[in-house]
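**Student:**
In this note's numbering, the protein residues as written are -7 to 302.
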């Protein structure tokens, strides 16, 4: 059954792709001032933990001030206030364009995210600080060809909603053996040259994250599902909300919790977690998280995923 066309917002609004929260479906949202949309690209929108129970303009204005303040605070903390321009949207525009998140538009599950044709939305709770970090870091990474570009955001919902360029060929994991968990026939396997180019592209994006800014950042969530493919099967790194900077003059940063997915972390990180089990802080460096990509690179170049040991 063909999916229905999204509700039109304007003649210049194109079909998009969505990450959606199940509690958002069917809710009507009253927006503030409307902003004309003129997007020449098909794109991808991330809705982050939206659970609104009211449509009062006052509450929307409160969300806008709180979310905008959080984004500004993180931008000042991480990049000394330096930011790149992003387009602003209203929640009503997103609501109209999604056609109530029709079930037939589901594409891919990315951790706590469900990817839909049109936009995207996060399943489950998320800290506002993480979304603010995503806006701050992703906007600074926009000029790298191997990063999924952040195009804009909406601040008048409970948590910011983010708009990305659309990855035409979807998630990298779909092209690896056992990577496609849907009922659809798997796509053709990528040739070795394409898989190798994908690995090199993401390594370049990580190197830029580490060394391309005034501060050294580490990603902390490197795995195949964080990589999408454009129309030319070019690799696009996604999801910077767990990224943190290493203090100036230091080689490591102390954190309360080392983040990552088991089986996709560097051996050094796992050993350090064991050594730090009795302490209140852990320490990690960019080398640890760059090494973690080697685990993914092996899977990508082989075109398969290792079976878990029992």
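Every residue gets a Cβ at the ideal spot worked out from N, C-alpha and C, and that includes glycine.
Would a C-beta distance cut-off of 7 Å place residue 238 and residue 208 closer than the cut-off?
**Tutor:** If you number the chain shown from 1, residue 238 lands on position 246. If you number the chain shown from 1, residue 208 lands on position 216. Yes, the pair counts as a contact, with Cβ atoms nearer than the cut-off.
**Student:** When you compare the stretch 143 to 157 with the stretch 177 to 197, are there three or more beta-carbon pairs, one atom per stretch, that lie closer than 8 Å?
**Tutor:** no
**Student:** From residue 129 to residue 211, what does the alpha carbon distance come to, in whole angstroms?
**Tutor:** Walking along the chain shown from the start, residue 129 turns up at place 137. Walking along the chain shown from the start, residue 211 turns up at place 219. Between residue 129 and residue 211, the C-alpha separation is close to 10 Å.
**Student:** Taking residue 228 and residue 159 to be in contact with their CB atoms under 8 Å, please state how far apart those CB atoms are, rounded to whole angstroms.
**Tutor:** Within the chain shown, the letter at position 236 stands for residue 228. Within the chain shown, the letter at position 167 stands for residue 159. The pair is a contact, with the Cβ atoms about 6 Å apart (cut-off 8 Å).
**Student:** What would DSSP say about residue 220, mapped onto helix, strand or coil?
**Tutor:** To locate residue 220, count along the chain shown from 1; it is residue 228. In this structure, residue 220 counts as strand in the three-state DSSP scheme.
**Student:** Could you spell out the range, first to last residue, of the alpha helix (DSSP H) harbouring residue 184?
**Tutor:** In the chain shown, residue 184 corresponds to position 192, counting from 1. Judged by DSSP secondary structure, residue 184 falls within the alpha helix (DSSP H) whose first and last residues are 184 to 203.
**Student:** Among the candidates 192, 198, 223 and 168, whose CA atom is the shortest distance from the CA of residue 134?
**Tutor:** Here residue 134 refers to the residue found at position 142 of the chain shown. Of the candidates 192, 198, 223 and 168, the one whose C-alpha sits nearest the C-alpha of residue 134 is 198.
**Student:** Take the Cβ of residue 242 as the centre, count every other Cβ of all protein chains shown within 10 Å, and call the residue buried at 16 or more, exposed below.
**Tutor:** For the purposes of this step, residue 242 is identified with residue 250 of the chain shown, where counting begins at 1. Classification for residue 242: exposed.
**Student:** Per DSSP, what kind of secondary structure is residue 131 in: helix, strand or coil?
**Tutor:** Start at 1 with the first residue of the chain shown, and residue 131 comes out as number 139. Helix, per DSSP.
**Student:** Of the residues 244, 240, 166 and 192, which one's Cα is nearest the Cα of residue 138?
**Tutor:** Taking the first residue of the chain shown as 1, we reach residue 138 at position 146. When only C-alpha atoms are compared, the closest one is 192.
**Student:** Under 7 Å, do residue 122 and residue 233 count as touching if we go by C-beta distance?
**Tutor:** By one-based count along the chain shown, residue 122 stands at place 130. By one-based count along the chain shown, residue 233 stands at place 241. The answer is yes: Cβ separation under 7 Å.
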